[in-house]
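Encoded as structure tokens, the structure appears first; notes follow it.
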Amino acid sequence: MTDAAAAPTSPFASPVLVTGAHGQLGRHVLEAAAARGVAAIGVDIDELDITDAAAVDAMLEQLRPSAIINCAAYTAVDKAEEPSELDLATRVNVDGPRVLAEAAKAHGVHLVHVSTDYVFPGTSADGYAEHDPTGPINVYGHTKLDGENAIRQVLGETAAIARTAWLFSRQAPNFVQAIAGLAEGREFIEVVDDQRGNPTWAGHLAEALVTLAVERIGGTHHTVDQPEATWFELAQAIVEELGLDCEVRPTTSDKFVRPAARAAVSVLRSTDPETPAMGQWRDGVRASLADRKLAAAQQ
Ligand SMILES: NC(=O)c1ccc[n+]([C@@H]2O[C@H](COP(=O)([O-])OP(=O)(O)OC[C@H]3O[C@@H](n4cnc5c(N)ncnc54)[C@H](OP(=O)(O)O)[C@@H]3O)[C@@H](O)[C@H]2O)c1
């Protein structure tokens, strides 16, 4: 278990429980809670498997948290297309959220759950607002949508479901760290320019999730950074931030066919005034590359 802030310094009586705390988002949530003086306890699968109803119930009984921020998920988008993975992806992304919702209801705990742009088909040129029709185009997206709906069935709109997209942080694997590694020492790289979305720094999302938790905000929220971009534009920014002498060339998705279908437009629009403010992804790119730049400067 990871303690983000000692309880006596917290203005909130009970801690926030962060599940999936070793993932890229979970780590940032613990940092964001500590920065706000919110007591938080982080657990990952070795201490709490979110699909284990008895274990979840026992932990809520023991810790009596004010809120759960669920960062635990099956996130292997391409691997999820293998038929042998369906059971695991469903257990973690559908059964796990249902277990958390039922336990949250029984113990009077506020639930904040993280979902994804992959719940949408990606065919609308304008992107997607919170209550636009969903329609996943890959297995991962189907499991994440079923997970959202499992929570709504138990808790209605009292739980917060925060959809995000194109998440990155200092912790690989993610697109920012992959491009940073690829571009070093290469004359050029090719990156797809026909998929648009909202790159989002896990640090900005973490702050928003802590707000949803401590203010007990419910409903569906689109929590993404601005502005929208293509993978090509994001890669250009990464190379610029690192000051690398590598040309980023635009290409098309048909040159990089992946097992799971990808949306052409996965832009998420936020129309709910209760949704906490997010940030500019370029600031997040800078923060995520800081260690890499420091190491390069010291060489
Ligand atoms: N990454 C993205 O681009 C992206 C985009 C949109 C939305 N999201 C959503 O954002 C959230 C956080 O994603 P992330 O990138 O931080 O994922 P991540 O780095 O893969 O972290 C997920 C964590 O959950 C743990 N976990 C898996 N199964 C579990 C279980 N049964 N019980 C408890 N913990 C379990 C994982 O452990 P193991 O590593 O041991 O499996 C891992 O530590 C997820 O809901 C994801 O769907 C991500």
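Residues 0 to 298 in numbering that gives the first Met the number 0 are what the sequence shown spells out, letter by letter. Glycine included, every Cβ here is placed at the ideal spot set by N, Cα and C. Since we're looking at a predicted model, the values are computed, not measured.
Residue i in three-state terms, based on DSSP
i: A128; result: coil
i: N137; result: coil
i: A66; result: strand
i: R291; result: helix
i: W230; result: helix
i: I178; result: helix
i: G196; result: strand
i: H27; result: helix
i: A5; result: For A5, the predicted structure reports a pLDDT of 43, less than 50, and the residue's modelled location is therefore unreliable. A value from the coordinates is still provided. Note: A5 maps to coil in three-state DSSP.
i: H221; result: strand
i: I49; result: coil
i: V299; result: Outside the displayed span of the chain (0 to 298) sits residue 299, for which this structure offers no information.
i: I237; result: helix
i: T18; result: strand
i: Q170; result: coil
i: L110; result: strand
i: P10; result: At P10 the pLDDT is 45, less than 50, meaning the model places this residue with poor confidence and gives no usable figure here.
i: I160; result: strand
i: T122; result: coil
i: G41; result: strand
i: R248; result: strand
i: T364; result: Summary: the structure shown does not reach residue 364, with the chain confined to residues 0 through 298, and so no result is reported for it.
i: I216; result: coil
Proximity winner among the options, relative to residue i (alpha-carbon distances)
i: V37; options: D45, I44, V28; result: V28
i: A236; options: R291, I68, V175; result: V175
i: K254; options: W280, E240, V191; result: V191
i: D193; options: A66, R26, V264, G218; result: V264
i: Y139; options: Q23, D86, A201; result: D86
i: V118; options: V76, V284, A39, G22; result: V76
i: T250; options: E189, D282, G202; result: E189
i: A39; options: A212, A262, L241; result: A212
i: E101; options: C70, L59, A31; result: L59
i: R90; options: G25, P82, N69, I49; result: I49
i: V113; options: A286, Q152, V17; result: V17
i: L154; options: S287, T219, E30; result: T219
i: A171; options: R26, S65, V108; result: R26
i: A159; options: T142, E129, S252, F187; result: E129
i: Q225; options: V93, A32, W280, A53; result: W280
i: A32; options: L47, V15, V42, E46; result: V15
i: A72; options: E232, A34, N92, V98; result: N92
i: A54; options: G95, E81, E80; result: G95
i: S252; options: R35, K292, A286, W230; result: W230
i: A103; options: L47, I67, P82; result: I67
i: A276; options: A161, E232, L181; result: A161
Residue i versus residue j: straight-line alpha-carbon distance, rounded
i: R215; j: E246; result: 46 Å
i: R257; j: R63; result: 43 Å
i: A259; j: K78; result: 8 Å
i: A6; j: T274; result: Only weak support is given to the placement of A6: the predicted model assigns it a pLDDT of 43, under 50, and the question is left unresolved by the model.
i: D290; j: S168; result: 11 Å
i: E239; j: A20; result: 31 Å
i: H106; j: A179; result: 44 Å
i: E227; j: G283; result: 14 Å
i: V108; j: N69; result: 12 Å
i: T74; j: I44; result: 14 Å
i: E183; j: R261; result: 27 Å
i: V223; j: G202; result: 11 Å
i: T157; j: D131; result: 19 Å
i: R248; j: L24; result: 30 Å
i: S65; j: R195; result: 37 Å
i: Q61; j: F187; result: 54 Å
i: L288; j: L241; result: 8 Å
i: P10; j: R35; result: Residue placement at P10 is flagged as unreliable, the pLDDT there being 45, under the threshold of 50; a coordinate-derived value is accordingly withheld.
i: T163; j: R185; result: 31 Å
Below-8 Å beta-carbon distance, residue i vs any chain C residue
i: A171; result: You won't find chain C in this structure, because it holds only one protein chain.
**OP:** Mind the definition here: the region 141-152 touches the region 199-217 only if three or more C-beta pairs lie below 8 Å; say whether that holds.
**Re:** no
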